[in-house]
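Undergrad: Reminder that position 109 of the sequence shown reads as 109 in full-length UniProt numbering, one-by-one numbering, no gaps. Every residue gets a Cβ at the ideal spot worked out from N, C-alpha and C, and that includes glycine.
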Amino acid sequence: MDSSVMIQWIAYALQAILIVLAIAIVLHKNNGTIIILIASFSLVTASLYIINKAPDVAIAEIAIGSAIIPLIYVISISRQREFIVLDKTMDDFIITDDQLSGIGYVLLHRLTDFYHLELNITNDSGLCYLDEHMDKVVCEQTNVDMIVSKDEVTGEYIFKGKKSSVLMRRLETIVQPFDKIRVELFEDGDFGD
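1) Considering only residues of the same chain and omitting the five flanking positions on each side of I69, which have a CB-CB separation below 7 Å?
2) Rounded to a whole number of angstroms, what is the C-alpha to C-alpha distance between Q141 and D91?
3) With which residues is L86 paired in a DSSP beta bridge?
4) For the beta strand (DSSP E) containing I158, list its first residue and its last residue.
5) What residues match up with L185 in a beta bridge as DSSP calls it?
6) Taking T89 as the reference, which of Y157, M168 and R169 has the closest Cα?
7) Just how far apart, CA to CA, sit I10 and T33?
8) So what does DSSP say about Y12, is it helix, strand or coil?
9) Given this structure, state the Cα-to-Cα distance separating L127 from A16, to the nearest angstrom.
10) For a test of the three-state rule: what should DSSP assign to Y115, helix, strand or coil?
11) Tell me which same chain residues have a C-beta within less than 6 Å of the C-beta of Y105, skipping the five on either side of it?
Listed below in C-alpha cells is the structure:
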C-alpha cells in the first residue's frame with residue numbers, strides 16, 4: 001500500500017474520531033470529562049493539521065486548544081461551585097422552624113445536588129424589600145442566581161432566574177408536578193452601557 005493512501009486512511013480515521021468526540025462533548029454531563037474531551041478534540045485536530053503539512057497551526061492548536069482553553073474552563077468551573085438563592089417569601093416555604101426544611105428547600109437541594117453545587121440561601125433584608133420589578137436587575141448586578149418570592153394574590157411561589165441558565169430549565173421540570181409553584185424566566189440584559 002502506498003504511504004499517501006495510508007496517510008489518507010489515517011486522516012479519515014482521525015476525522016471519524018473528531019465526530020465521536022464532538023458528539024460526546026455535547027451529550028456528556030460531567031464538566032471534568034467534558035474538559036478532557038475538549039483537550040482530546042484539540043489534539044486530534046492538531047494531528048490532522050500535521051498530516052496536512054501545517055505544523056505551525058498544529059502547534060498553535062495544541063497550545064491554545066489543549067492547554068489554555070481547558071485551563072480557563074477549570075478555573076471557571078472551580079469558581080462556580082455555589083448556587084445563591086435570595087429568599088423573599090418570609091414564610092415556611094424554604095425555612096421551617098429556623099431550619100432549612102421546607103418544600104422549596106427540598107426542591108432547590110435536589111437541583112443543586114444534581115449539579116454538585118453548594119446551595120446558599122440568603123434573605124438579605126436590603127434585597128428582599130426591593131420591588132418585584134427590580135428582581136431582574138438584582139440577578140444581573142449581584143451574585144444572586146435565583147430569587148424565590150410569593151404572589152400574595154394567587155398564593156403561588158415563584159422561582160425567578162435567567163432564561164439562559166441550564167439550572168433554571170432543569171428546575172422547570174422539577175416543579176412541574178406542583179400546582180402552587182412556578183418558574184419565571186427573564187432574558188439576560190446588558191446593564192454595562
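TA: Looking at the atomic coordinates:
1) I38
2) Any reading at Q141 needs caution, since the residue's pLDDT is 49, under 50, leaving its predicted position unreliable; the model's value is listed next. Their Cα atoms are separated by approximately 26 Å.
3) T122 and I147
4) Y157 to K162
5) G161
6) Y157
7) 25 Å
8) helix
9) Any reading at L127 needs caution, since the residue's pLDDT is 48, under 50, leaving its predicted position unreliable; the model's value is listed next. If I take the Cα positions, the gap works out to 52 Å.
10) coil
11) I94
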